[in-house]
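> Here the working numbering is used: the first residue of the sequence shown is 56, the next is one more, and so on. The C-beta atom is built at its ideal place from N, Cα and C for all residues, glycine as well. Model, not experiment: these values are computed from the prediction.
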Amino acid sequence: MAAQLEHANVAVGDLAEAIRFFQAAFPDFVVRGRGTADHGDWQSEWVHVGTDATYVCLNADNRTVGDRESGHRGYGVNHLGFVVDDAQAVYDRLANAGYKEGFQPGEHPHRRRVYFLDGDGNEYEFVEYFSEDPTERNSYD
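1) With a 10 Å radius around its C-beta and 16 neighbouring C-beta atoms as the bar for buried, classify His94 as buried or exposed.
2) Does the region 95 to 105 come into contact with the region 67 to 85, if we say contact requires no fewer than three beta-carbon pairs (one atom in each stretch) closer than 8 Å?
3) What would DSSP say about Asp173, mapped onto helix, strand or coil?
4) What is the C-beta distance between Val138 and Tyr195, in whole angstroms, given that I count them as a contact (C-beta under 8 Å)?
5) Looking only at DSSP bridge pairs, what is Asp93 linked to?
6) Measure the CB-CB distance between Val145 and Ala63 and report whether it falls below 9 Å.
7) With a cut-off of 8 Å on the beta carbons, I'd call Asn114 and Val182 a contact; round off their distance for me.
8) Tell me which residues share the same chain as Gln98 and place their Cβ nearer than 6 Å to its Cβ, disregarding the 5 neighbours each side in the sequence.
9) Three-state secondary structure (DSSP) at Phe181?
10) Would you identify the three-state DSSP class for Gln159, choosing helix, strand or coil?
11) By the 10 Å Cβ neighbour count, where 16 or more other Cβ atoms means buried, how is Glu61 classified, buried or exposed?
12) Indicate whether Ala71 and Val65 have their beta-carbon atoms separated by less than 9 Å.
13) According to DSSP, is Phe137 helix, strand or coil?
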């Protein structure tokens, strides 16, 4: 399988408005998952809007600019996610090339995700799926 862009992760001020925008642009997009992300000293509500194959992750970031951590610089794109055949191989290549590891997610039975920062500090996710079933691939437990 060739690598492909799977999703963008975007911080927004108004989730409902952002969902409305994407559903107006892409009528086949649905809210396929939602939850709360724990960032340690603050939490954010998130929504995945899209199809089984592609989506936009929208994060409500209602902190003031001064309170935002350096990793997520306010509203805008937080990371791009690519589907890959072998997440460990990508991890090894980037680590061996001297790139810094980014977010470190927990384990999941149906996917493995690794995150790295480029030279400018932009974060990229590389996800390997262990299932072809969209229900398992898109499980948010």
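Working from what's here:
1) On the sequence shown, position 39 is the one that residue 94 refers to. So His94 counts as exposed.
2) The region 95 to 105, when compared against the region 67 to 85, does touch it at the 8 Å Cβ threshold.
3) As a first step, residue 173 is located in the sequence shown; it is residue number 118 there, counting from the start. Coil, per DSSP.
4) On the sequence shown, position 83 is the one that residue 138 refers to. On the sequence shown, position 140 is the one that residue 195 refers to. Actually they are not in contact, since the Cβ atoms of Val138 and Tyr195 sit about 17 Å apart, beyond 8 Å.
5) Taking the sequence shown and counting its residues from 1, the one referred to as residue 93 is at position 38. Partner(s): Gln98.
6) Taking the first residue of the sequence shown as 1, we reach residue 145 at position 90. Taking the first residue of the sequence shown as 1, we reach residue 63 at position 8. 9 Å or more divides the Cβ of Val145 from the Cβ of Ala63.
7) As a first step, residue 114 must be located in the sequence shown, where it is residue number 59. As a first step, residue 182 must be located in the sequence shown, where it is residue number 127. Actually they are not in contact, since the Cβ atoms of Asn114 and Val182 sit about 17 Å apart, beyond 8 Å.
8) One-based indexing of the sequence shown puts residue 98 at position 43. Same-chain partners within the cutoff: Thr91.
9) Along the sequence shown, one-based indexing puts residue 181 at 126. Three-state result, Phe181: strand.
10) Walking along the sequence shown from the start, residue 159 turns up at place 104. Coil at Gln159, not helix or strand.
11) Within the sequence shown, the letter at position 6 stands for residue 61. The Cβ neighbour count for Glu61, taken over all protein chains shown within 10 Å, is at least 16; the residue is labelled buried.
12) Translated into the one-based positions of the sequence shown, residue 71 becomes position 16. Translated into the one-based positions of the sequence shown, residue 65 becomes position 10. In this structure, Val65 does not lie closer than 9 Å to Ala71 by Cβ.
13) Here residue 137 refers to the residue found at position 82 when the sequence shown is read from its first residue. It is a strand residue.
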